[in-house]
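Residue numbers (the working numbering): 965 to 1123.
All residues carry an ideal CB built from backbone N, CA and C; glycine is no exception.
Remember, predicted model here, so these are calculated numbers, not experimental data.
Notes follow the structure.
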Amino acid sequence: MIISPEALAIMGGGLAMAGGLAGSAIGIANAGSAGAATLSEEPGQFRNVIVLASLPMTQTFYGLIVLILILTTVLPKINAMPDPGGSGFTVLACGLIAAFAELFSAAFQGSVCAAGISLLPKTKGKILINSMMLAVFVELIGVLGLVFTIMALSMLGLF
């Protein structure tokens, strides 16, 4: 085989991590941009802006968890599988599932947080909890991406 199953598995873990990092960067940038505008209007909302702007960061940790699980648990077992090459592609596909879930979850969570941040001055900060709850709904997609990736690897006997 030209590409080893281990290389494919590592690529899957790396893509999961990259998706989390990219999504978090996009989400935090969106929320941070709204935060800068809000703070120019009402500097007293700094704490609330920091709370909302930091929420998209969690998807980076989910991507890191997938990467660590693949490196520590999946790689040692991959050559023992009946078809190691097919298993490598399978782990790559699982990594792609996690990558897309974390990327889109974090990016769109940043949009939800940006909307909440922009309304902080108008509501005198009372929108904070409501904005966090709405952002948690988007966060759930990232959590489900992590859980489904772990379930898929487990069902394949690689975890």
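Query: For F1123, three-class secondary structure by DSSP; Result: coil
Query: Of the residues G1106, L1122, I1114, the one placed nearest P1020, counting alpha carbons only; Result: G1106
Query: Whole-Å CB distance - A980 paired with A1116, under 8 angstroms assumed; Result: Not really, about 12 angstroms apart at Cβ, beyond 8 angstroms.
Query: Simplified DSSP state of E1066, which is helix, strand or coil; Result: helix
Query: C-beta contact flag for S1069 and G987 at 8 angstroms; Result: yes
Query: Helix, strand or coil at I966 [DSSP, three-state]; Result: coil
Query: Length of the line joining the Cα atoms of G1109 and P969; Result: 23 angstroms
Query: Inter-residue spacing [alpha-carbon to alpha-carbon] between E1006 and P1085; Result: 6 angstroms
Query: Cβ-Cβ distance between I1029 and V1055 below 8 angstroms; Result: no
Query: Every unbroken alpha helix (DSSP H) inside the region 1018-1083 [4 residues or more]; Result: 1022-1033, 1039-1042, 1048-1082
Query: When S1004, A971, A1078 are compared against A1099, the one with the closest alpha-carbon; Result: A1078
Query: DSSP state of E1006 mapped onto helix, strand, coil; Result: coil
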